[in-house]
Structures are given as C-alpha cells and as structure tokens.
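One structure is given here, and the rest of the page talks about it.
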Amino acid sequence: MHPGAEEPELSIVVPLYDEENNVDKLLSRTIETVRALPGAPSYEVIIVNDGSRDGTLEAVRRAMRSQPHLILVNLSRNFGHQLAATAGLDIARGRAVILMDGDLQDPPELIGDFVEQWRIGFDVVYAIRRSRKGESRFKLLTAKWFYRITRGLTKVSIPVDTGDFRLMSRRVIEALKQTRERHRFLRGLVSWVGYNQTGIEYDRDARHAGNTKYPVSKMLAFAIDGITSFSEIPLHFASYMGFIASAFAFVYAIIVLILKFAHRNYPGYTSTIVTILFLGGVQLIGIGILGEYLGRVYDEIKGRPLYLISDIERS
Ligand code: UDP
Ligand code: MG
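Counting in the working numbering, the sequence shown tops out at residue 872, every number present.
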C-alpha cells in the first residue's frame, strides 16, 4: 500500500482467470467510463489474477505501464470466481466498490448508472439481465430455473436474473467482510446484508474473447452452494419424504395383514421390488442431502483462509 495514499472514491474489482485477450479492452473501456463520470471521482482498479495460466499476467503488467491507479493482486493459485472476487473486495478501499466480470459481458459503461444511484443514496445497485447475448440455450434455461428455484427455496430474497455485477457502498463491503463462509454465494450475501438496494436493467453482452470458466459441473456446484448457504428446506424435504413414505407403508401394511387373515394374500414379487427400490431411492436422496450439508459443515469448520495472495503490484 502506498504510504499516505488517499482512499479513492471508487474501487473497481475484476477477477480474471485466463482472460488475456480481454484485458486491454476491459481496462480501456473501464477507465474511460470512470474518467468521464461527473465530478471526476478518484478511483482504483483492482485486478485479481486468479491463477491464470495464459498471458493474463503479462497483459495486465503491460497495461500498468501506461495506466495509473491499477492494482494487480496475484493469488497463489486458482481459487475460483467467488473467492477471487472476495479477495478483491477485501483489498478495495473505495467509498463505493464495483464488482464486475473481466470478459466484458458486464458492460463497464453501466458504472455511470451505478454511481448515479449510489449518489442518490442507495447502498447496493445491482444489474438485472434483461437479455443475454451469446449464451447457449442450455445456459439460458438452466440460469433461468436456477434463479427461480433459489428464490423459492431461500428466506433471504435474492433478486432474479442478477449476477455479481453491482456497486456496493463502504458499509456493505464492511458487512461482507464479516461473513467469512467458504462456500460463498456473494449475491446472496449482499442481499442478506440489507440496507437500501436497487436494481437497474441491462442487456448482457456476449463474451468478448475466450471461453466461459463455468462448465456445467461448476454451475451445478455453485447452484448447490447458493441453495445450501441460504436454505434449510432441502433438509426438511428429506424428513417430509420420510413421513410420507412411512404413512404409505403403514396403510399398506394394514391392507396386507387384512388380506392375510382373509387368506387372500398372493406372493407379491412386483410389489416387493417396487417397495424396495422406492424406499432405497428415498433413503439415498435423504443421505445425499445430509451429505451436502455435512460436507459444507466440515469445510467451514476447518477454518482455512479463503484465499492466499502471492503478491500485489501497483501502478
Ligand atoms: N473467473 C475467475 N476464476 C475462476 C473462474 C472465473 O476469476 O476460476 C472470472 C472470469 O475470468 C470472469 C468471471 O470470473 O472474469 C466470470 O467468469 P465467466 O465469464 O467464465 O462466467 P460466465 O459469465 O460464463 O458465467
Ligand atoms: Mg462471462
């Protein structure tokens, strides 16, 4: 940290993982937008290099030679989008902090609208995806259902069709810093914090270059993180299924006993197999749900740091 350096008004945090062909455009569009803001606020751009294996690091260093106010945070390895973003938010010193993706799917030009709402007095300004370009139908469909299922399952009301692209005030950032859970679902945590929140709609662009870093497996893991972090309903679901299955079993047992005493029971291969399979399935689902929560409890209780920084470079 520069000794005596003043806290900037705005921090822009961008986690990057293998985005070498996006860096130049990302930084130029972002800085241009911030410089054109009314009142010419002071700013810093924090780039979190999340263990990139391509030329991202070199591309950022090249940009740092001509651009001031850039802070490059190198993590010790790839920690994943949510943790890389957390590292950036922890380091940001601005009175308002903007988090955005580094693939230009989140247009930096929206920062102007964010800051306007923040100056009106909002603590969180999130960007709602009115449309999404360049995404597969599968991603559109799964994303749509994910947002709606999560909303149905969670007690905290998390806005739908909203990613992590948003502005947060200093007090929201300070509150977020107190939540140190590992399986982070940042957008949920921000909703949980509360204060005055508002959303603005935008059209999400296609990726400028490179490929998505969220394959189906990671999307699924992220979805389960979101649901388990903010809801206990799946745990109750296991008990409900248990009660329903027991009720059925009880009624069925009475019927079978009556038939037996009436000497009308026939050997039932089909019913035996169906019952075993059904109950086996219900039990495994129940154990699976328990496992999801238990695994997370285990992970949290180890209390490891969320990420490790290898070094910080400033321009
Ligand atoms: N990202 C990261 N670490 C990862 C995966 C992704 O820092 O392990 C960054 C990535 O470089 C991008 C942002 O997180 O800036 C969002 O990732 P991506 O665009 O791949 O996700 P999508 O938009 O496809 O959901
Ligand atoms: Mg993207």
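Backbone N, C-alpha and C fix where the C-beta goes; we use that ideal spot for every residue, glycine too.
What you are looking at is a predicted structure, and each value in this text was computed from that prediction instead of being measured.
Discussion item. Across the stretch 742-758 and the stretch 711-729, are there enough close Cβ pairs to call them in contact, namely three or more that are closer than 8 Å?
Written reply: yes
Practice prompt. Run the CB neighbour count on Y826, radius 10 Å, all protein chains shown included, and call it buried at 16 or more, exposed below.
Written response: exposed
Discussion item. I believe R650 touches E564 by the beta-carbon criterion, under 8 Å. Please report the beta-carbon distance rounded to the nearest angstrom.
Written reply: 5 Å
Worksheet entry | Near ligand 1: Q662 beta-carbon under 7 Å from a heavy atom | Yes, the Cβ of Q662 comes within 7 Å of a heavy atom of ligand 1.
Worksheet item: Do you know whose CA, among G608, S568, Y600 and H820, lies nearest K770's CA?
Response: G608
Practice prompt. Check whether the Cβ of T769 sits closer than 7 Å to any heavy atom of ligand 2, and report yes or no.
Written response: yes
Worksheet entry | Nearest to N663 (by Cα), restricted to the options G845, F807 and R689 | Here residue 663 turns out to be Asp, not Asn, going by the sequence shown. Distances from the alpha-carbon of D663 to those of G845, F807 and R689 put R689 closest.
Worksheet item: Apart from the five residues on each side of it in sequence, which residues of its chain come closer than 6 Å, Cβ to Cβ, to V617?
Response: Around V617: V580, I604 and L629.
Item to complete: Provide the residue span of the alpha helix (DSSP H) that contains D856, from first to last.
Response: Y826 to I858
Worksheet item: Given a threshold of 16 other Cβ atoms within 10 Å of its Cβ, counted over all protein chains shown, does V672 qualify as buried or as exposed?
Response: Burial call: buried.
Worksheet entry | 8 Å Cβ cutoff met for Y683 and R634 | no
Worksheet item: Under the three-state reduction of DSSP, which class applies to M558: helix, strand or coil?
Response: Legend: pLDDT at M558 = 48, less than 50; position of this residue unreliable, value from coordinates given subsequently. Three-state DSSP puts M558 in coil, outside helix and strand.
Practice prompt. Return the CA-CA distance between G709 and A802, expressed in angstroms with no decimal places.
Written response: 24 Å
Practice prompt. Name the residue from S568, Q624, R676 and I784 whose alpha carbon lies nearest to the alpha carbon of W702.
Written response: I784
Fill in: Span of the alpha helix (DSSP H), counted from its first residue to its last, around E587
The question names Glu, but residue 587 is Thr in the sequence shown. Element bounds for T587: V580 to R592.
Practice prompt. Select from R676, Y600 and A795 the residue whose C-alpha is nearest the C-alpha of L627.
Written response: Y600
Discussion item. With distance defined between alpha-carbon atoms, name the residue in E789, R871, I858 and L834 nearest to R737.
Written reply: For R737, the nearest C-alpha among the options comes from I858.
Discussion item. Using only CA atoms, which one of A642, P625, S623 and Q624 lies nearest to L549?
Written reply: Because the chain spans 558 through 872 in this model, residue 549 falls outside it and cannot be assessed.
Discussion item. Between which residues of its own chain and Y864 is the CB-CB distance below 6 Å, once the five residues before and five after are set aside?
Written reply: Exclusion of the five residues before and after Y864 leaves L632, F636, L640 and A644 as the residues of its chain whose Cβ lies within less than 6 Å of its Cβ.
Worksheet item: Quick one: what's T873 bridged to in DSSP?
Response: It is not possible to answer for residue 873, since the shown part of the chain is limited to 558 through 872.
Worksheet item: Which partner residues does N631 have in the DSSP bridge list?
Response: Looking at the DSSP assignment, N631 forms a beta bridge with N606 and D868.
Discussion item. Any heavy atom of ligand 2 closer than 7 Å to the beta-carbon of R764?
Written reply: Under cutoff, so the answer is yes.
Item to complete: Kindly identify the DSSP beta-bridge partner or partners of R723.
Response: L656 and Y683
Fill in: Nearest neighbour of R586, chosen from L573, L667, P598 and G612 [CA to CA]
L667
Worksheet entry | S788 in three-state terms, based on DSSP | The three-state reading of DSSP puts S788 in coil, since its state is none of H, G, I, E or B.
Discussion item. Taking DSSP's pairing of strands, which residues face E692 in a bridge?
Written reply: In DSSP, E692 forms no bridge with anything.
Item to complete: Kindly examine ligand 4 and report whether one of its heavy atoms sits closer than 7 Å to the Cβ of N635.
Response: Ligand 4 is absent from the structure shown, which contains only ligand 1 and ligand 2.
Worksheet item: Do the CB positions of S788 and F742 come within less than 8 Å of each other?
Response: no
Discussion item. Given this structure, state the Cα-to-Cα distance separating L814 from I842, to the nearest angstrom.
Written reply: 29 Å
Fill in: 8 Å CB neighbourhood of L661 in its chain, flanking five on each side removed
For L661, the CB contacts under 8 Å within the same chain, skipping 5 residues up- and downstream, are N579, K582, L583, R586, D762, R764 and H765 in chain order.
Item to complete: Within 10 angstroms of the Cβ of T829, are there 16 or more other Cβ atoms? Answer buried if so, exposed if not.
Response: exposed
Worksheet entry | C-alpha distance - F807 paired with F800, whole-angstrom precision | 10 Å
Worksheet item: Does DSSP put R761 in a helix, in a strand, or in coil?
Response: strand
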